[in-house]
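Some notes on the structure that comes next.
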Amino acid sequence: MIKADPGAIKEARDFVAVTFGAWRLADDVARTVISELATNAVRHGSRAGDPVVVRAYRRDDGAAVVEAWDVSDALPIVRPVNFAAESGRGLLLIEALVRRWGTRPLSEGGKVVWAEIEPVPA
Numbered sequence: 001m002i003k004a005d006p007g008a009i010k011e012a013r014d015f016v017a018v019t020f021g022a023w024r025l026a027d028d029v030a031r032t033v034i035s036e037l038a039t040n041a042v043r044h045g046s047r048a049g050d051p052v053v054v055r056a057y058r059r060d061d062g063a064a065v066v067e068a069w070d071v072s073d074a075l076p077i078v079r080p081v082n083f084a085a086e087s088g089r090g091l092l093l094i095e096a097l098v099r100r101w102g103t104r105p106l107s108e109g110g111k112v113v114w115a116e117i118e119p120v121p122a
């Protein structure tokens with residue numbers, strides 16, 4: 001768990017790097033994806049200091065999944081490309097890097113945004 005603070009994004013990346021290393025999987029895509037998911041959870045799904053849960057696990061079929069949980073019920077929106085904008089491309093990047101991604105609600109409120117990553121041996 002990290003706190004909703006921009007400085008905590010590095011903690012999320014480091015956690016995923018260590019986890020993927022233990023699984024002997026390449027972590028470059030996973031670190032990029034969790035960075036985007038955690039940034040969105042901190043920026044758009046939380047208030048300062050709220051908890052943001054970052055999780056990584058392997059499914060039975062070998063796929064690697066990373067998740068970010070936040071307290072907001074608002075779903076992420078993939079925005080059209082705006083070449084003049086300085087932000088807003090994170091979900092487009094995620095779509096390009098992962099097998100699939102999605103959201104699910106949490107029973108206590110909030111949501112999980114997850115991404116399924118192709119497991120590539122390190």
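With UniProt numbering, the residue at position 4 of the sequence shown is 4, and numbering never jumps. Cβ coordinates follow ideal geometry from the N, Cα and C atoms, glycine included. Bear in mind the structure is a predicted one, so any value in this text is a computation, not a measurement.
Going by C-alpha distance, which of N40, R24 and G45 is nearest D73? Position 73 of the sequence shown, counted from the first residue, corresponds to residue 73. Comparing Cα positions, the closest option is G45.
Please report the residue range of the alpha helix (DSSP H) in which D61 lies. For the purposes of this step, residue 61 is taken as the residue at position 61 of the sequence shown. Here D61 belongs to no alpha helix (DSSP H), and DSSP marks it neither H nor E.
Which of helix, strand or coil DSSP assigns to R47: Residue 47 sits at position 47 when you count from the first residue of the sequence shown. Coil.
Since I believe A41 is in contact with A68 (beta carbons under 8 Å), could you give me their beta-carbon distance rounded to a whole number of angstroms? On the sequence shown, residue 68 is found 68 positions in, with the first residue counted as 1. On the sequence shown, residue 41 is found 41 positions in, with the first residue counted as 1. About 4 Å separates the beta carbon of A68 from that of A41, a gap short enough to meet the 8 Å contact definition.
Could you work out which residue in W101, A56 and S35 is closest to V113 when comparing CA atoms only? As a first step, residue 113 is located in the sequence shown; it is residue number 113 there, counting from the start. Residue W101 is the option with its Cα nearest to V113.
Below 8 Å on the Cβ atoms is my guess for L75 versus T103; work out the distance and round it to an integer in Å. Numbered from its first residue, the sequence shown carries residue 75 at position 75. Numbered from its first residue, the sequence shown carries residue 103 at position 103. Indeed they touch by this definition, with Cβ atoms about 6 Å apart.
Could you tell me the boundaries of the alpha helix (DSSP H) in which E13 lies? One-based indexing of the sequence shown puts residue 13 at position 13. With the sequence shown as reference, residue 13 is identified as Arg, and Glu is not the correct amino acid for it. From DSSP, the alpha helix (DSSP H) with R13 extends over I9 to A22.
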